[in-house]
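Encoded as structure tokens, the structure appears first; notes follow it.
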Amino acid sequence: MPRRTKRALLLVADGLMIPACLWLAVALKYDDLSGGPQRFIWFYAGATIISVLVFLKLGLYRSITRFIGFQILWAILGGGIASSLFVWLIGQALAPQLVSGSVAIIYGLNVLAWVLATRLVARWILSLHGPAQQPVVIYGAGEAGAQLAIALAAGSKMYPVAYVDEKTASHGATIGGVRIVSPSNLPAIIQEHAVANVLLAIPGASRRRRAEIIRQMVDFGVHVQTIPDLNDILSGRATLTDLRDISIEDLLGRDPVTPQSRLLGVSIRGKCVMVTGAGGSIGSELCRQIIQEEPNQLIMFELSEIALYDIERELHSAVVNKALKVKLVALLGNAQHRAHILEIMKIYGVQTVYHAAAYKHVPIVEQNFVEGINNNVLATWNTAEAAIEAGVETFVLVSTDKAVHPANIMGASKRFAEIVLQALQMRQQTTCMCMVRFGNVLGSSGSVVPLFSKQIRIGGPVTVTHPEVRRYFMTIPEAASLVLQAGSMAKGGEVFVLDMGQPVKIDDLARRMIALSGLTVRSEEFPDGDIAIEYTGLRPGEKLYEELLIGENVSGTEHPMIMRAFERAPSWLEVQQLLSEMRKALEQFDCDRIRDVLVSAVPEFHPADRMHDLMWSELHEKVTAPPMSGRRSAARTVVPLRTHPQSQS
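Numbering follows the numbering used here, in which position 178 of the sequence shown is assigned residue number 734; successive positions increment by one, without gaps.
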């Protein structure tokens, strides 16, 4: 029905029953079913009009019956009290023989009972005719769990059949008619009610505790969802009913490392700060955290136009909304162009640089290692030299755990970049240079977790490179916070690493994500499972395990979870010679020589015998291809770029 029609029906129903409530009150008081003299009929009409007007004023008829809640009780109570008071006052003035105080009270109770009962019965009838609801279990019988149950009751998709709580004192009690049980009863509850979803309502629990609870759910075959984090709820970024699937942070169970606010702003507050690669996963988060420390200016330097546009627009909104006194400067450019970067640093008076510009996807860099080395090594060298010449105070390189004993071009190029900075630090004292290493970043481009989630949504298979591969993980905000704090603690030339706990077995991670989606793994033992796991083999340059440190020269810092390491580095003269040879080999597209120089610069690097660079492979195949019969093959006419003699074999 139209909303206006439904309101009219409720008004008519109340208009007919309110005088009946008054008649019943008089009849009960005087044991007279006639309900009083007929000359007082105007009195019944007045009580009805007053009650309806009060209900209208208090919004009773604006409420949608299907979603009526506790707050509407105040409107019903107010209308009943106001109507009772009117009946008593007018009755005392005009008909004291008919209306006593007890009549007014009985009448008020009758009105309250009628209005409340009709609304609740109507809501119950409407819920019976709604779509089928799913039984769920709410894990957590605190305030968040109770509020979640109220929110679910207002909807039509789920209804709680039990609360699970670890507090023994609450077991056996009920909330809104729903029983609270021990975690040990959970399997029986799931089986008894055919529960397919468990909702975690423990926003204040530590990540470690949440992980322990989630691991218990893996064997139950239920889809586990959670309410948002407490900080997101308090800040308004999310509401209690914004249920989401279990995140990788919940699965890992490592509580985030708390930043020290004093360290965050030392190299930022009141200064001109520059971030290269400002549109990337780490670079953009660096920018978000940097503006919170209120630098004088933030220079966002980025090669991608769309990435720069997105981060500039986001930060501009944040600056306006929070009334931050930060000047934002969005500049397009390539970090390989030293003259351009130098002019930027001089014009704006840059004091702190966070160098996040890099190519980081292992297989892509392996197949394009000329550009990978150009961007990861030469761009770092050019940016660092520009920083020294411009008098920059602090230069922080965003590095990776793949730089330790590298097995791929990406890791070796990042280690070479670290060596360049370490050698530059020994050459000069103008700019304090340091590096920050961390493991895989959750949610970054190329991260395995979004890939697994997508594969599970489409029905699989979930692809894992190797059953024994292990990786360290951390969140993007955590990584960016580490980078900012490291810049404040740097003395020059050191590497900072985070205590990241134990590495995670990727195969176990995939199996947990499948189980917590309410699905099962399909295998030879369980051919009727939902999702298959396929092992694709390690890709070129990938390792089974990653490390964070090269040597044993490690010491603590002002932050208990951040370590400082000083690692071997050749002199600047040696590094300069290597850079000169590398630049020449890159210009000539001499892939053999590039790899030789990289091995000389990074002795821990042991590349595969076969090169995977796509352009080099194509060129090599065309040069060595046999001539076609008939007329001369066009491939034989290709002249290779000035290659190293070894590449002619």
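C-beta: ideal position from N, C-alpha, C; glycine also.
As the structure is a computational prediction, the values presented were derived from the model and not from experiment.
(request) Assign G995 to buried or exposed, taking buried as 16 or more other Cβ atoms, counted over all protein chains shown, within 10 Å of its Cβ. (result) G995 should be labelled buried.
(request) Please work out which residues of its chain come closer than 7 Å, Cβ to Cβ, to G928, disregarding the five sequence neighbours upstream and downstream, and give them in chain order. (result) Within the same chain, Cβ atoms closer than 7 Å to the Cβ of G928 are found at Y915, V921, I965, M966 and S969, the five residues on either side in sequence being excluded.
(message) With the cut-off set at 9 Å, would you say S840 and I867 are in Cβ contact?
(response) Yes, Cβ-Cβ distance for S840 and I867 is below 9 Å.
(message) So, at 8 Å on beta carbons, what are the nonlocal neighbours of F1082 in its own chain, with the 5 sequence-adjacent residues on each side left out?
(response) Closer than 8 Å at Cβ, skipping near neighbours: T1076.
(message) Measuring straight from C-alpha to C-alpha, what distance separates T604 and V582?
(response) The alpha-carbon atoms of T604 and V582 are separated by roughly 15 Å.
(request) Alpha carbon to alpha carbon, how far is L1135 from E941? Give it in angstroms, no decimals. (result) So the two alpha carbons sit approximately 13 Å from each other.
(request) Would you grab the beta carbon distance between I824 and L633 for me? Rounded to a whole angstrom, and I think it's under 8 Å. (result) Not a contact, Cβ separation roughly 56 Å.
(request) Return the Cβ separation of H911 and V948 in integer angstroms, given the expectation that the two are a contact with Cβ distance under 8 Å. (result) In fact, because the Cβ distance is near 11 Å, the residues do not count as touching under 8 Å.
(message) Beta-carbon within less than 6 Å of L799's beta-carbon, same chain only, minus the 5 sequence neighbours each way: which residues are those?
(response) So the qualifying residues of the chain are Q781.
(request) Reducing DSSP to helix, strand and coil, say where D801 ends up. (result) Strand.
(request) Indicate whether the contact test is met: 3 or more Cβ pairs, each with one atom in the stretch 665-673 and one in the stretch 636-647, closer than 8 Å. (result) At 8 Å Cβ cutoff, the stretches touch.
(request) With distances taken Cα to Cα, identify the nearest neighbour of K723 among A697, I846 and V1131. (result) When only C-alpha atoms are compared, the closest one is A697.
(message) Let me make sure I understand the geometry here. Which of M573, V1155, T1092 and A935 has the alpha-carbon closest to that of G833?
(response) Of the candidates M573, V1155, T1092 and A935, the residue whose Cα lies closest to the Cα of G833 is A935.
(request) Drop a sphere of 10 angstroms on the beta-carbon of R1124, count the other beta-carbons inside from all chains shown, and report buried for 16 or more, exposed for fewer. (result) Classification of R1124: exposed, given that the 10 Å Cβ count is below 16.
(message) I'd like to confirm the pairing. Which residues does DSSP put opposite K1061 in its beta bridges?
(response) According to the DSSP secondary-structure assignment, K1061 is paired through a beta bridge with R1026.
(message) Quick check: the Cα distance between L859 and I897, rounded to an integer number of angstroms?
(response) One C-alpha to the other measures close to 12 Å.
(message) Pairs of beta-carbons, one from the stretch 1086-1097 and one from the stretch 1010-1021, closer than 8 Å: are there three or more?
(response) Segments in contact, yes.
(request) Please check the pair V952 and V992, which I expect to be a contact at CB under 8 Å, by giving their CB distance rounded to whole angstroms. (result) Sure, about 6 Å apart at Cβ, within 8 Å.
(message) Using 9 Å as the threshold, is the C-beta distance between A700 and P739 below it?
(response) Cβ atoms of A700 and P739: not closer than 9 Å.
(message) Looking at the secondary structure, which residues open and close the beta strand (DSSP E) in which E858 lies?
(response) First-last of the beta strand (DSSP E) with E858: Q853 to E858.
(request) Measure the alpha-carbon distance for R1120 versus I975 and round it to whole angstroms. (result) Straight-line Cα distance between these residues: approximately 16 Å.
(request) Going by CA-CA distance only, name the one from L708, P743 and A1042 that's closest to S817. (result) The shortest C-alpha separation from S817 is found at A1042.
(message) Under DSSP, the beta strand (DSSP E) around V1005 begins and ends at which residues?
(response) Looking at the DSSP string, V1005 is not in any beta strand (DSSP E); the run it does join, the alpha helix (DSSP H), is V1004 to R1013.
(message) Considering just the uninterrupted stretch of the alpha helix (DSSP H) at M966, what are its terminal residues?
(response) Going by DSSP, M966 is part of the alpha helix (DSSP H) stretching over I965 to R983.
(request) Report the three-state DSSP secondary structure of N996 (helix, strand or coil). (result) DSSP places N996 in the strand class (E or B) of the three-state scheme.
(request) Using three-state DSSP, classify F724 as helix, strand or coil. (result) Note on identity: in this sequence residue 724 is Thr, with Phe being the wrong assignment. Three-state result, T724: helix.
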